[in-house]
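*Asks:* If you're matching positions, the sequence shown starts at 4 in the numbering used here and goes up one per residue.
Glycine residues also receive a C-beta, built at the ideal position from the N, C-alpha and C atoms.
For clarity, every value in this text was computed on a predicted model and none was experimentally measured.
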Amino acid sequence: MPNEDDITSLQGPVEEINGKLMLRIPLDVAGDRLREASRGISEIDGEFLCVVIPHWLADDLRLTAGSLVSVDNRNGKFNIHPMSSDSIQ
4 MPNEDDITSL QGPVEEINGK LMLRIPLDVA GDRLREASRG ISEIDGEFLC VVIPHWLADD
64 LRLTAGSLVS VDNRNGKFNI HPMSSDSIQ
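Okay, structure coming up:
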């Protein structure tokens with residue numbers, strides 16, 4: 004069972020780039036843990052880990068450009084959780 008200390012969690016906005024909804028996560032902040040969990044759904048662009056959010060997932064999570072999300076690598080997977088405006092500090 005994974006140790007809670009091995010979980011990386013970050014918060015940030017969804018961006019629209021070239022007509023696609025995307026998460027751009029600075030590599031120096033996220034480290035290799037989010038990179039490993041997002042293998043196959045992400046690519047490296049300069050100093051960013053870029054994850055395109057498929058339209059079906061954006062619709063399901065009600066995400067648009069500017070939506071705030073939390074991402075983590077719990078259970079070895081790349082997880083995206085929408086954040087309500089009430090939870091932003």
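Given this structure, state the Cα-to-Cα distance separating T14 from L71, to the nearest angstrom.
*Replies:* Just to set this straight, residue 14 is Gln in the shown sequence, not Thr. Going by the C-alpha atoms only, they are around 7 Å apart.
*Asks:* Look at the alpha carbon of L37 and the alpha carbon of A68, and state the distance between them as a whole number of angstroms.
*Replies:* 21 Å
*Asks:* Going by alpha carbons, who is nearest to E18 out of R77, G79, C53, N76?
*Replies:* Selected option, being the one with the closest Cα: C53.
*Asks:* Apply the 10 Å Cβ neighbour rule to I28 and answer buried if 16 or more other Cβ atoms are within range, or exposed otherwise.
*Replies:* buried
*Asks:* With distances taken Cα to Cα, identify the nearest neighbour of I44 among N21, L66, I10, M25.
*Replies:* M25
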